[in-house]
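K.L.:
Below is the structure I would like to discuss, written out as structure tokens.
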Amino acid sequence: AQSVTQLGSHVSVSEGALVLLRCNYSSSVPPYLFWYVQYPNQGLQLLLKYTSAATLVKGINGFEAEFKKSETSFHLTKPSAHMRDAAEYFCAVRLIQGAQKLVFGQGTRLTINP
Amino acid sequence: GAGVSQSPSNKVTEKGKDVELRCDPISGHTALYWYRQSLGQGLEFLIYFQGNSAPDKSGLPSDRFSAERTGGSVSTLTIQRTQQEDSAVYLCASTLRETQYFGPGTRLLVL
Chain A
24 AQSVTQLGSH VSVSEGALVL LRCNYSSSVP PYLFWYVQYP NQGLQLLLKY TSAATLVKGI
84 NGFEAEFKKS ETSFHLTKPS AHMRDAAEYF CAVRLIQGAQ KLVFGQGTRL TINP
Chain B
44 GAGVSQSPSN KVTEKGKDVE LRCDPISGHT ALYWYRQSLG QGLEFLIYFQ GNSAPDKSGL
104 PSDRFSAERT GGSVSTLTIQ RTQQEDSAVY LCASTLRETQ YFGPGTRLLV L
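This is the structure:
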């Protein structure tokens with residue numbers, strides 16, 4: 024069965040600083056990987072996805088993530104944080120074949136300090 | 044274009060009552076999912092519809108929960124005899140290939 028671990032339920036960075044949100048996954052077969060963002064009182068919005076093409080994936084709002092099979096990781100980064108990046112971020116995994124439900128991590132709440 | 048829509052956006056009900064939550068997927072998307080987001084449990088898969096295949100109900104927490112999808116489009120999630128632990132945000136998603144697109148959710152509060 025797949026699982027996702029997001030290290031750090033809360034991350035706080037200063038405006039302009041590097042954002043690094045960690046995600047490690049467990050899957051018996053190569054998966055698809057996703058990062059979603061949830062702003063207060065809103066649904067989930069897709070940031071980026073890995074679907075077995077390029078290992079460095081660029082998404083919206085300046086975010087990117089790198090798939091590292093050897094580390095079973097898919098960490099999310101952004102070089103310079105903006106106040107508008109304050110939100111909750113979810114990493115999710117899905118099998119390429121078979122069960123197609125998303126398995127989510129517990130989420131990381133990102134706070135941006137002025 | 045139009046995204047996934049859900050109604051109502053908020054629902055307050057009394058313990059023991061039945062509720063129906065509606066999801067309108069993106070036109071042309073063949074798969075539809077329901078998830079539940081709650082403080083203690085995070086985001087949990089509930090049920091999945093794909094075309095005319097039998098739904099995957101493996102995530103439904105009890106037999107009080109059921110869902111149907113009519114005409115391959117609109118879906119309704121029904122919770123019978125609601126309990127306080129059913130209070131959560133219920134999210135619907137529809138799928139184009141490997142990507143799930145989420146609606147804004149229905150926030151359910153059971154008093």
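Residue numbers (the working numbering), protein chains in the order written: chain A, 24 to 137; chain B, 44 to 154. Where a beta carbon is used, it is the ideal one built from N, C-alpha and C, also for glycine. Treat the numbers as computed from the prediction; the structure is a model and nothing was measured.
#1: When the Cα atoms are used, what is the spatial distance from R124/B to V153/B?
#2: Output, in chain order, the set of chain A residues within a Cβ distance shorter than 7 angstroms of Q9/B.
#3: Mind checking if G85/B is an interface residue toward chain A, Cβ cutoff 8 angstroms exclusive?
#4: L75/B CB to nearest chain A CB: under 8 angstroms?
#5: According to DSSP, is I122/B helix, strand or coil?
#6: What in chain B is Cβ-close to Q65/A, meaning under 9 angstroms?
#7: Under 8 angstroms between C-beta atoms, does F86/A make it to chain B?
#8: Starting from V153/B and walking both ways along the beta strand (DSSP E), at which residues does that stretch end?
#9: Which ranges does the beta strand (DSSP E) cover as unbroken runs of at least 3 residues, wholly within the stretch 72 to 133 of chain A, from first to last along the chain?
#10: Chain B partners of Y55/A, CB-CB under 8 angstroms?
P.N.:
From the atom records:
#1: Cα to Cα, R124/B sits roughly 10 angstroms from V153/B.
#2: There is no way to answer for residue 9/B, as the model of chain B reaches only from 44 to 154.
#3: Cβ-Cβ to chain A under 8 angstroms: yes for G85/B.
#4: No, no contact with chain A.
#5: Of the three classes helix, strand and coil, the one that applies to I122/B here is strand, per DSSP.
#6: Simply P147 and G148.
#7: Not an interface residue.
#8: Counted as a single uninterrupted DSSP element, the beta strand (DSSP E) harbouring V153/B occupies residues T149 to V153.
#9: Within the stretch 72 to 133 of chain A, the complete beta strand (DSSP E) runs of at least 3 residues are 79 to 81, 87 to 91, 96 to 101 and 110 to 118.
#10: Within 8 angstroms Cβ-Cβ: E141.
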